[in-house]
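S.K.:
Protein chains: 4
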Amino acid sequence: MSHKHDLSMQPDKKPVVPRSEHEKEKIKNRLKKIEGQIRGLERMVDEDRYCVEILIQIAAVQAALKKVGFSLLERHTKMCVLHSVQSGNGEEMIEELMKVIRHYAK
Amino acid sequence: MSHKHDLSMQPDKKPVVPRSEHEKEKIKNRLKKIEGQIRGLERMVDEDRYCVEILIQIAAVQAALKKVGFSLLERHTKMCVLHSVQSGNGEEMIEELMKVIRHYAK
Amino acid sequence: MSHKHDLSMQPDKKPVVPRSEHEKEKIKNRLKKIEGQIRGLERMVDEDRYCVEILIQIAAVQAALKKVGFSLLERHTKMCVLHSVQSGNGEEMIEELMKVIRHYAK
Amino acid sequence: MSHKHDLSMQPDKKPVVPRSEHEKEKIKNRLKKIEGQIRGLERMVDEDRYCVEILIQIAAVQAALKKVGFSLLERHTKMCVLHSVQSGNGEEMIEELMKVIRHYAK
């Protein structure tokens, strides 16, 4: 399997279709909200809050992260993958997409 | 069903078996590490990193959160639930435990 | 770790609190319905049905199985685990319960 | 949103790239094996087998179903979606693909 197909880090790689400033702001705002939720969890531990309350909050953060992940996956598929297939090098992108989905489904 | 059985917020409720300072430190350290990972995600967006790289990192944060959640659930069950059953009011605690698990399994 | 704590097969072990005939019928009916859904999937393949239709049906079967699993887990916890803790040997049962939950959460 | 985009049943729709007889046999064999596992679960209930044993078997069936589902999804994406995009009507197929993935991720 070529190195292009695995999911190792490639820090210089950019989105095939660049994100607009507006898109970037939206994703960052969602992440900042999640960061705040994590700090909220730390406070709950400090305040000796009941286990079940903390667990319910963790489930809320997990749902928020899943949503950000899904919206990135959707944008990647509808923009980057589509564009790559239309430009003729889609097989590799689709191979990679399936790896990401498999990685998530684990 | 009594209000004790639902999963609404009860800010004054404490763990049935109190968490030691050592336990609290351990959980908070794991949460702080996750908070750092979220900030790392924000940086990745700033640096226009490739969608798939960000998705892989989100999956890593999800796995870390799941682990913290599971360890809290395990501690709650082995300490708080067990202790409550042994003290004679376990039915309510087991009812609540199943609600949490159902909430997570959604 | 003792053999009592792992999740290997123990064909002679029975539920701590026996299932009534009514309970057994109910579980078997749900399983028979799922068996029918699987045969429906086989037919869909025979009839060359569209991939997405089959995938939606598979998701339905997965949801049905999850529901049976959850109801068995709930009954096990509320009856067998509770009874074992009340009889004084609950620690082992709770250890085993967490293993099952961890197994499911994988 | 047009009716082509929702996930309602369309019994006359076929795979964009037809399945070979060999492919069909392979999927059916996997489903037949799962059908056998479901019947095994029914027998376990008849034989009063221990709850945890049954739960472990249910988890095995769930894993098997997930695998069949993933392999159908992979084949659909690599064949039907790719082919549709290359033929110029990929946007609809990618829209539908995201709906399926979202449906699974629920």
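Heads up: the protein sequence lines correspond to chains A, B, C and D, in order.
For the first sequence, numbering that gives the first Met the number 0 assigns the number 0 to the initial residue and increments by one for each residue that follows.
For the second sequence, numbering that gives the first Met the number 0 assigns the number 0 to the initial residue and increments by one for each residue that follows.
For the third sequence, numbering that gives the first Met the number 0 assigns the number 0 to the initial residue and increments by one for each residue that follows.
For the fourth sequence, numbering that gives the first Met the number 0 assigns the number 0 to the initial residue and increments by one for each residue that follows.
Think of the CB as a built atom: it goes at the ideal place given N, C-alpha and C, for glycine as much as any other residue.
Predicted model only: the values in this text are computed from it and were never measured.
For D/Lys3, does the three-state DSSP call read helix, strand or coil?
M.R.: Confidence at D/Lys3 is low in this model, with a pLDDT of 47, below 50, so the placement of that residue should be treated as unreliable; the coordinate-derived value is given next. Of the three classes helix, strand and coil, the one that applies to D/Lys3 here is helix, per DSSP.
S.K.: Beta-carbon of A/Lys27 versus every beta-carbon of chain B: anything under 9 Å?
M.R.: True, the Cβ-Cβ gap to chain B drops below 9 Å.
S.K.: Could you compute how far the alpha carbon of A/Ile33 sits from the alpha carbon of A/Phe69?
M.R.: Answer to the nearest angstrom: the Cα atoms are 15 Å apart.
S.K.: Take D/Met92 as the anchor and find which of D/Tyr103, D/Leu72 and D/Ala104 has the nearest alpha-carbon.
M.R.: Out of D/Tyr103, D/Leu72 and D/Ala104, D/Leu72 has the C-alpha closest to the C-alpha of D/Met92.
S.K.: Need the endpoints of the alpha helix (DSSP H) that D/Glu46 sits in, please.
M.R.: Counting along the chain, D/Glu46 falls outside any alpha helix (DSSP H), and DSSP gives it neither H nor E.
S.K.: The alpha helix (DSSP H) with D/Met92 in it runs from where to where?
M.R.: Where D/Met92 is concerned, the enclosing alpha helix (DSSP H) stretches over Gly89 to Ala104.
S.K.: Considering only the beta carbon of each residue, do C/Val67 and C/Ile26 sit closer than 9 Å?
M.R.: Contact: yes.
S.K.: Tell me the DSSP secondary structure of C/Gln61 in three-state form.
M.R.: The answer is helix: DSSP assigns C/Gln61 an H, G or I state.
S.K.: Run the CB neighbour count on C/Ser1, radius 10 Å, all protein chains shown included, and call it buried at 16 or more, exposed below.
M.R.: Only weak support exists for where C/Ser1 lies, its pLDDT of 41 falling under 50; the coordinates are left without a value.
S.K.: Need the endpoints of the alpha helix (DSSP H) that A/Gln85 sits in, please.
M.R.: Its alpha helix (DSSP H) spans residues Leu81 to Gln85.
S.K.: Confirm, please, whether the CB-CB distance from D/Val99 to C/Val51 is below 9 Å.
M.R.: Yes, Cβ-Cβ distance for C/Val51 and D/Val99 is below 9 Å.
S.K.: Quick check on this structure: which residue in D/Glu90, D/Leu64 and D/Asp47 has the alpha carbon closest to the alpha carbon of C/His21?
M.R.: With distances taken between Cα atoms, C/His21 lies closest to D/Asp47.
S.K.: If distances are taken between C-alpha atoms only, which option among D/Gly87, D/Ala104 and D/Met78 comes closest to D/Ser19?
M.R.: Of the listed residues, the one whose Cα sits closest to D/Ser19 is D/Met78.
S.K.: Check each residue of the region 70-92 of chain D: if its Cβ is closer than 8 Å to any Cβ of chain E, include it; give the result in chain order.
M.R.: The question asks about chain E, but that chain is absent: this structure's protein chains are A, B, C and D.
S.K.: Taking all protein chains shown into account, do 16 or more other C-beta atoms lie within 10 angstroms of the C-beta of C/Gly87, making it buried, or fewer, making it exposed?
M.R.: C/Gly87 is exposed by the Cβ-count criterion.
S.K.: Just confirm the distance between the C-beta atoms of C/His102 and C/Val15, as a whole number of angstroms; I'd bet it's less than 8 Å.
M.R.: Between C/Val15 and C/His102 the Cβ distance is about 19 Å, and since that is not below 8 Å, they are no contact.
S.K.: Can a CB atom of chain A be found closer than 9 Å to the CB of D/Glu95?
M.R.: No, no contact with chain A.
S.K.: Using a Cβ-Cβ distance under 9 Å, would D/Ala104 count as near chain A?
M.R.: Yes - at least one Cβ of chain A is within 9 Å of the one on D/Ala104.
S.K.: Using the Cα positions of B/Met97 and B/Ala62, report the straight-line distance between them to the nearest angstrom.
M.R.: Answer to the nearest angstrom: the Cα atoms are 22 Å apart.
S.K.: Whose C-alpha, out of C/Gln9, C/Pro10, C/Glu41 and C/Leu54, is nearest the C-alpha of D/Met8?
M.R.: Of the listed residues, the one whose Cα sits closest to D/Met8 is C/Leu54.
S.K.: Contact criterion: CB-CB distance below 9 Å. Does A/Ile100 meet it with respect to chain D?
M.R.: Yes, contact with chain D.
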